[in-house]
Amino acid sequence: MPHRNASQPDLLPTPADGRVRVMLTLPFAGPLDYLLPPRLADVRPGDIVSVPLGRRTETGVVWDATSRLPPEFTPPPQKDVPTARLKPVASRLDLPPLPAQLRQFVDWVAAYTLSPPGMVLAMALRANALAPLPRPASGWEPVPTPPTGLRLTPARHRVLDIAASGAPLTTTELARRAGVGAAVIRGLAQAGALQAVEIAPPPPFASPDPAHCPPVLEGDQATVATELRARVAENGFSITLLEGVTGSGKTEIYMEAIAACVEAGRQALVLLPEIALSAQWTGRFARRFGAEPALWHSDLGSRLRRVTWRAVADGTARVVVGARSALFLPFDQLGLIIVDEEHETAFKQEDGVTYHARDMAVVRARMSRAPVVLVSATPSLESLANVGAGRYRHLKLGARHGNASMPDVETLDMRADPPERGLFLSPTLTGAINDAIGRGEQAMLFLNRRGYAPLTLCRTCGHRMQCPNCTAWLVEHRARHILTCHHCGYDEPIPQTCPKCADADSLTPIGPGVERITEEARATFPDARILVMASDTLNGPAATAAAVERIARREIDLVIGTQIVAKGWHFPHLTLVGIVDADLGLGGGDLRASERTVQLLHQVAGRAGRAEAPGRVLLQSYVPDHPVMQALVSGDFASFMEQEAEQRRPGFWPPYGRLAALIVSAEAPDAADLTARALGQNAPRMDGVQVLGPAPAPLAILRGRHRFRLLLRARRNIAVQPIMREWLSRVKPERGARIDVDIDPVSFL
38 MPHRNASQPD
48 LLPTPADGRV
58 RVMLTLPFAG
68 PLDYLLPPRL
78 ADVRPGDIVS
88 VPLGRRTETG
98 VVWDATSRLP
108 PEFTPPPQKD
118 VPTARLKPVA
128 SRLDLPPLPA
138 QLRQFVDWVA
148 AYTLSPPGMV
158 LAMALRANAL
168 APLPRPASGW
178 EPVPTPPTGL
188 RLTPARHRVL
198 DIAASGAPLT
208 TTELARRAGV
218 GAAVIRGLAQ
228 AGALQAVEIA
238 PPPPFASPDP
248 AHCPPVLEGD
258 QATVATELRA
268 RVAENGFSIT
278 LLEGVTGSGK
288 TEIYMEAIAA
298 CVEAGRQALV
308 LLPEIALSAQ
318 WTGRFARRFG
328 AEPALWHSDL
338 GSRLRRVTWR
348 AVADGTARVV
358 VGARSALFLP
368 FDQLGLIIVD
378 EEHETAFKQE
388 DGVTYHARDM
398 AVVRARMSRA
408 PVVLVSATPS
418 LESLANVGAG
428 RYRHLKLGAR
438 HGNASMPDVE
448 TLDMRADPPE
458 RGLFLSPTLT
468 GAINDAIGRG
478 EQAMLFLNRR
488 GYAPLTLCRT
498 CGHRMQCPNC
508 TAWLVEHRAR
518 HILTCHHCGY
528 DEPIPQTCPK
538 CADADSLTPI
548 GPGVERITEE
558 ARATFPDARI
568 LVMASDTLNG
578 PAATAAAVER
588 IARREIDLVI
598 GTQIVAKGWH
608 FPHLTLVGIV
618 DADLGLGGGD
628 LRASERTVQL
638 LHQVAGRAGR
648 AEAPGRVLLQ
658 SYVPDHPVMQ
668 ALVSGDFASF
678 MEQEAEQRRP
688 GFWPPYGRLA
698 ALIVSAEAPD
708 AADLTARALG
718 QNAPRMDGVQ
728 VLGPAPAPLA
738 ILRGRHRFRL
748 LLRARRNIAV
758 QPIMREWLSR
768 VKPERGARID
778 VDIDPVSFL
């Protein structure tokens with residue numbers, strides 16, 4: 038029989054003609070109608086079924102008869118198909134049904150992002166999660182009444198005694214314990230003295246113990262933890278922004294909310310922006326609760342993914358930590374959602390269904406009547422605006438845990454203290470690193486740029502090495518002897534001659550990446566033990582965990598890394614952080630450039646001085662008077678964000694207005710251009726709404742497709758979805774052209 042859960046309705050409200058709606062994981066506008074045969078009369082919404090579609094069979098979910106979306110999100114109704122043309126549902130699969138809250142969430146995300154609901158459902162109904170699990174192992178136990186006339190040898194006696202003393206054992210294990218061969222066991226089975234039974238597998242995840250190792254919290258930490266526990270105890274929806282300086286113990290505090298959730302018999306979900314963080318996070322979780330949480334991210338093997346999906350559905354996975362896709366797991370008793378580092382742009386999915394996991398976590402929590410806690414040392418302006426409007430509670434931690442203090446932050450004016458010709462580290466920074474290593478402490482260099490150099494050009498003719506598929510320069514990766522595009526993945530060997538003028542040995546790297554900084558560091562600090570932390574050098578959580586262990590064991594003197602080192606690592610012996618190019622994120626037309634730079638560099642700076650030894654942060658900058666640099670030096674994050682708010686509020690830029698982007702792309706430039714022009718000519722014209730564009734995208738060619746962008750800006754009290762839906766209905770794309778919709782865009786490339 039199929040699995041059931043408490044949230045499933047008892048009956049399926051179907052029309053008299055017996056039709057049901059089935060949502061398929063395909064880009065249709067909504068569910069398709071099928072007939073329900075009498076043998077499946079007890080099918081209910083949420084059941085996973087197999088249905089015919091053309092000449093093939095597809096997996097889908099029996100969907101609710103009516104939508105519960107707000108009117109402005111409700112798509113136009115579909116035309117009814119005559120009953121005579123409907124095909125019957127083929128079968129119901131022996132899988133846990135999708136809870137009502139998850140089905141409602143799928144509908145909501147699809148309507149909000151203007152995506153086909155089937156493509157949203159595909160994120161919840163992973164094909165490899167639905168594949169059958171291996172059959173349970175078979176074991177042996179004695180029959181209740183031994184057969185008469187059974188000949189018992191000492192070996193057979195041992196087998197029967199061991200088989201009767203506990204849980205069923207496999208042939209191999211029973212033979213090992215009894216010190217006999219497998220033939221003895223088979224002989225007892227043939228004689229009727231042993232019977233085969235299935236061995237129930239152990240629970241895939243141990244239950245966390247809230248009383249295992251509770252932390253000692255004092256002062257503000259204890260107050261905030263008590264407040265979060267109270268939110269969980271309310272058993273209702275609430276939103277709390279937990280803001281605390283780096284090293285203030287935010288993780289230990291929100292784990293107390295997780296403890297309260299587990300005590301209440303409900304499930305908790307923790308979202309992390311990077312799967313690389315999961316290794317250190319799960320270690321801290323295991324020390325607190327005596328068991329590891331369930332993990333959910335792209336690196337999971339297919340079998341573990343299947344096991345985890347089912348454990349979430351049946352409630353045996355009490356705590357799940359994962360990437361943004363974990364929002365679409367089939368929780369039935371969701372009692373808490375934590376979004377750690379809520380400001381991170383990694384929570385925005387850019388491909389396929391474009392959604393922001395932080396914002397959708399709030400929606401999922403509301404539908405589950407559960408509290409959601411957004412955690413950050415540098416909250417996003419969106420979250421701070423919601424605090425100001427009274428929509429979010431705000432809890433703050435202004436001091437580091439224990440005796441640790443915030444690091445001293447200084448700017449190094451690269452105009453007054455430049456590095457030697459051909460180098461990138463100033464004398465002041467290299468001196469500070471030498472001093473830190475000499476004291477037996479650790480140092481870190483940060484540059485948010487992978488590879489050896491971001492640009493390669495010819496000294497003879499000026500030719501620049503560019504990707505043939507994208508409007509992007511090829512990045513040199515000297516360790517692998519290739520030039521590669523970080524947008525489409527194209528790569529080629531580093532040529533010996535210029536492709537344009539054929540001059541030999543004329544190609545030269547321009548600017549530094551972490552590989553080039555590492556090369557300079559090895560020459561400058563020849564005795565230092567150096568570790569590079571970047572996505573090119575750390576392949577997954579296991580490699581990251583090993584690197585973190587080496588740092589913790591003080592096997593490393595100098596860490597060099599990209600943005601992966603900015604995450605919530607705790608390196609107690611690291612006292613110095615050097616930012617190689619603090620100005621890197623300030624260029625371009627991104628309205629959030631300053632905000633992102635402050636957040637990123639503040640997080641990097643927060644790795645210094647997290648224990649007793651004081652920390653120091655040095656920012657190499659050519660614009661030390663920039664408001665971002667001044668905010669980092671002063672540590673006055675609140676004042677900086679207030680200034681940012683004042684700049685955005687008059688123009689109704691987020692979070693004081695709404696944005697929606699249309700990205701037109703096609704392999705043929707004319708098809709993209711004509712479609713973009715048609716969208717511009719049919720753009721909505723109404724009070725409170727402005728359309729910018731069409732204009733070539735900053736990445737005008739991406740993966741071989743020519744791209745144009747249009748941006749709709751509206752006042753905050755205007756729902757953009759109905760406007761966008763009506764706008765798109767007036768334009769038919771040219772042949773080969775595609776229009777992608779991005780509600781609340783984060784990237785403007």
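Take the position in the sequence shown, starting the count at 1, then add 37; the result is the number in my numbering.
Note that CB positions come from ideal geometry on N, CA and C, so glycine has one too.
query: I want to know whether the stretch 571-587 touches the stretch 454-469 - three or more CB-CB distances under 8 Å.; result: no
query: Run through the DSSP bridge pairs and tell me what Gly97 is partnered with.; result: Leu61, Val86
query: Three or more C-beta pairs under 8 Å: does that hold for the stretch 455-474 against the stretch 519-527?; result: no
query: Cβ atoms of Phe674 and Thr415: under 8 Å apart, would you say?; result: yes
query: Taking the CB atoms as reference points, tell me whether Val180 and Val196 lie closer together than 8 Å.; result: no
query: DSSP state of Leu306, grouped into three classes?; result: strand
query: Report the partner residues of Tyr291 according to the DSSP bridge assignment.; result: The partner list for Tyr291 (beta bridge, DSSP) is empty, contrary to what the question assumes.
query: Could you give the first and the last residue of the continuous alpha helix (DSSP H) run that contains Ile616?; result: Unbroken run through Ile616 is the beta strand (DSSP E), 611-616; no alpha helix (DSSP H).
query: Cα separation between Val399 and Thr561?; result: 49 Å
query: Rounded to the nearest angstrom, how far is the Cβ of Leu332 from that of Gln657, given a contact under 8 Å?; result: Actually they are not in contact, since the Cβ atoms of Leu332 and Gln657 sit about 37 Å apart, beyond 8 Å.
query: Within 10 angstroms of the Cβ of Ser702, are there 16 or more other Cβ atoms? Answer buried if so, exposed if not.; result: buried
query: Please name the residue in Ser244, Thr263, Pro245 whose C-alpha comes closest to that of Val253.; result: Thr263
query: Just grab the DSSP bridge partners of Ile780 for me.; result: Ala697
query: Can you say whether Met723 is buried or exposed, counting buried as having 16 or more other CB atoms within 10 angstroms of its CB?; result: exposed
query: What does a CB cutoff of less than 7 Å around Gln727 pick up in its chain, not counting 5 residues either side in sequence?; result: Arg750
query: Leaving out the 5 sequence neighbours to the left and right, which residues in its chain are closer than 8 Å to Leu623 when beta-carbon positions are compared?; result: Ala630, Ser631, Thr634, Val660, His663, Val665
query: Rounded to whole angstroms, what is the Cα-Cα separation between Leu729 and Ile700?; result: 12 Å
query: How do the stretch 703-715 and the stretch 731-746 stand: do at least 3 beta-carbon pairs fall below 8 Å, yes or no?; result: yes
query: If I'm right that Thr599 touches Ala571 with Cβ under 8 Å, what's the distance once you round it to whole angstroms?; result: 4 Å
query: By how many angstroms is the C-alpha of Leu373 removed from the C-alpha of Pro735?; result: 40 Å
query: I'd like to check one pair, Trp100 with Met60: are the Cβ atoms closer than 8 Å?; result: yes
query: Give the secondary structure of Glu649 by DSSP, where H, G and I count as helix, E and B as strand, and everything else as coil.; result: coil
query: Taking the continuous alpha helix (DSSP H) assigned at Gln636, which residues delimit it?; result: 630-642
query: Check this for me: beta carbons of Cys535 and Cys507, under 8 Å apart or not?; result: no
query: For the alpha helix (DSSP H) containing Val757, list its first residue and its last residue.; result: 757-766
query: Could you check if Ile616 is buried or exposed, using at least 16 other CB atoms within 10 Å of its CB as the buried criterion?; result: buried
query: Here's the rule I'm using: 16 or more other beta-carbon atoms within 10 Å means buried, otherwise exposed. How should Ser202 be labelled?; result: exposed
query: Cα-Cα, which of Arg395, Leu265, Ala296 is closest to His249?; result: Ala296
query: For the stretch 552-613, list the alpha helix (DSSP H) runs that are entirely contained and at least 4 residues long, ordered along the chain.; result: 578-589
query: Can Leu158 and Val86 be called in contact, C-beta distance under 8 Å?; result: no
query: Taking all protein chains shown into account, decide if Gln115 is buried (16 or more other Cβ within 10 angstroms of its Cβ) or exposed.; result: exposed
query: How far does the beta strand (DSSP E) with Tyr71 in it reach, from first residue to last?; result: 69-72
query: Quick check on Arg746: does DSSP put it in helix, strand or coil?; result: strand
query: Can you round the beta-carbon distance between Thr319 and Pro330 to whole angstroms, since I take them to be within the 8 Å contact cut?; result: 6 Å
query: Check whether the stretch 641-657 touches the stretch 461-471, counting contact only when three or more Cβ pairs, one atom from each stretch, lie closer than 8 Å.; result: yes
query: Roughly how many whole angstroms lie between the Cα atoms of Ala354 and Ala204?; result: 24 Å
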